[in-house]
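In my numbering, the protein residues as written are -9 to 193.
A short write-up of the structure that comes next.
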Amino acid sequence: MTGAHRRLAPGRLVIASHNEGKVREIRALLAPFGIEPVSAASLDLPEPEETGTTFAANAELKARASADLSGLPALADDSGLCVEALGGDPGIFSARWAGESKDFGVAMQLVEDALGKAGPETGRDAHFVCALSLCWPDGHIETFEGRSDGTLVWPPRGQQGFGYDPMFLPNGHKQTFGEMDPDAKHAMSHRAKAFAKLVAAVF
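Structure (structure tokens):
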């Protein structure tokens, strides 16, 4: 996004996600700013098909769809796990690896199996990426990205967080995102880093 940033006024903001874990994290991040978050699911907004080839493109597509349909500003997140030894997979397809049932136990096993096939010497470096797009009903859009680097552990550890969190050990830490207290994760996650850029620009 080029040009001047636009300030976001207090009031209702659609969280353009049907993923309760993401909605919960974003709601917690928004709490200090006088914003009243409403989820796309609670407004019965459909989930658009994610046809973008990057996290940013998919976040923008989801934000535009929710802003158009609701007439409210909308914030969308597209995020995923990128594993270096797998050529960046699952990447933008991170949710799809969990299948129709959104079972991330299955998705984590698929990642582990793919690493196993790559051989015992395969590195386990990985990173999470988060793109946050904020779109106004008039079509103005701003996008911010954050990244967290770490390594993958097996078996998965912890019941906190969601998605691939239990197998992701952020660099410099002894707990996986799945073991961390939510406040500790919020302080340093890829989503928190993207959110900090958004806050600096629009609040």
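Don't be surprised by glycine CBs; every beta carbon is placed ideally from N, CA and C.
Practice task
Please list, in chain order, all residues of the same chain as M(-9) whose beta carbon is under 6 angstroms from its beta carbon, the five residues on each side excluded.
Solution key: By 1-based counting over the sequence shown, the position of residue -9 is 1. Unreliable placement is indicated for M(-9), whose pLDDT of 46 sits below 50; the coordinate value is still reported in the next sentence. Result list for M(-9): E132 and T133, in chain order.
G42 and L51 - do their beta-carbons sit closer together than 8 angstroms?
On the sequence shown, residue 51 is found 61 positions in, with the first residue counted as 1. On the sequence shown, residue 42 is found 52 positions in, with the first residue counted as 1. Yes, Cβ-Cβ distance for L51 and G42 is below 8 angstroms.
Next item on the list: List the endpoints of the continuous beta strand (DSSP E) containing I131.
Entry: One-based indexing of the sequence shown puts residue 131 at position 141. I131 to L142 is the span of the beta strand (DSSP E), which, as asked, contains I131.
Q.
Looking at the secondary structure, which residues open and close the alpha helix (DSSP H) in which S60 lies?
A. Along the sequence shown, read from residue 1 onward, the residue named residue 60 stands at position 70. Where S60 is concerned, the enclosing alpha helix (DSSP H) stretches over F45 to S60.
Quiz prompt | Option in A177, E102 and K175 with minimal Cα separation from L142 | solution = Residue 142 sits at position 152 when you count from the first residue of the sequence shown. E102 is the residue among A177, E102 and K175 whose C-alpha sits nearest the C-alpha of L142.
Within 10 angstroms of the Cβ of N9, are there 16 or more other Cβ atoms? Answer buried if so, exposed if not. Residue 9 sits at position 19 when you count from the first residue of the sequence shown. Classification for N9: buried.
- Identify which residue in P27, V73, H176 and F94 has its Cα closest to the Cα of S60. Locating residue 60 in the sequence shown gives position 70, counting from the first residue. It is P27.
### Message
Whole angstroms are fine: how far does the CA of V13 sit from the CA of A49?
### Response
Stepping through the sequence shown from its first residue, residue 49 is reached at position 59. Stepping through the sequence shown from its first residue, residue 13 is reached at position 23. Cα-Cα distance, rounded: 14 angstroms.
CB of A85 within 8 angstroms of CB of A6, strictly: Residue mapping note: residue 85 aligns to position 95 of the sequence shown, counting from 1. Residue mapping note: residue 6 aligns to position 16 of the sequence shown, counting from 1. No, these two residues do not count as a Cβ contact at 8 angstroms.
**Report entry** Other residues of its chain near K187: CB distance less than 6 angstroms, five sequence neighbours each side excluded
**Finding:** Position 197 of the sequence shown, counted from the first residue, corresponds to residue 187. Excluding positions up to five away in sequence, the list reads F134.
Next item on the list: Could you tell me the boundaries of the alpha helix (DSSP H) in which D103 lies?
Entry: What you label residue 103 is simply residue 113 of the sequence shown in a count that begins at 1. Note, D103: alpha helix (DSSP H), F94 to K107.
Rounded C-alpha distance that separates Q165 from R137:
Start at 1 with the first residue of the sequence shown, and residue 165 comes out as number 175. Start at 1 with the first residue of the sequence shown, and residue 137 comes out as number 147. Roughly 18 angstroms separates the two Cα atoms.
**Residues of its chain near M157, where Cβ-Cβ distance is below 6 angstroms and the 5 sequence neighbours each way are ignored** = On the sequence shown, position 167 is the one that residue 157 refers to. Excluding sequence neighbours, M157 sits near M98, L142, V143 and P146.
Grab me the residues of D128's own chain with a C-beta within less than 7 angstroms of its C-beta, minus the 5 sequence neighbours each way, in chain order. For the purposes of this step, residue 128 is taken as the residue at position 138 of the sequence shown. So no residue of the chain qualifies.
Requested in this report: Take D115 and list the residues in its own chain whose beta-carbon comes closer than 7 angstroms to its own, dropping the five residues that flank it on each side.
Outcome: In the sequence shown, the residue the question calls residue 115 occupies position 125. E74 and T141.
Give me whichever residues DSSP pairs with L3 in a beta bridge. Here residue 3 corresponds to residue number 13 of the sequence shown, with the count starting at 1. DSSP lists P27 as partners of L3.
Integer Cβ distance of V192 from L124, believed to fall under 8 angstroms: Counting from 1 along the sequence shown, the entry for residue 192 is found at position 202. Counting from 1 along the sequence shown, the entry for residue 124 is found at position 134. Approximately 6 angstroms separates the beta-carbon atoms of V192 and L124; this is inside 8 angstroms, confirming the contact.
Point to revise | Buried or exposed (CB count within 10 angstroms, at least 16 for buried), D68 | key: Here the question's residue 68 lines up with position 78 in the sequence shown. The residue in question, D68, is buried, as its Cβ has 16 or more Cβ neighbours within 10 Å.
By the 10 Å Cβ neighbour count, where 16 or more other Cβ atoms means buried, how is F45 classified, buried or exposed? Mapped onto the sequence shown, residue 45 falls at position 55. It is buried - the Cβ of F45 has at least 16 other Cβ atoms within 10 Å.
Within this structure, are the beta carbons of R(-4) and H130 separated by less than 8 angstroms? The residue you call residue -4 lines up with position 6 of the sequence shown. The residue you call residue 130 lines up with position 140 of the sequence shown. Closer than 8 angstroms, so yes.
| Proximity winner among H117, F167 and A53, relative to G70 (alpha-carbon distances) | Against the sequence shown, residue 70 aligns to sequence position 80. The residue with the shortest Cα to Cα distance from G70 is H117.
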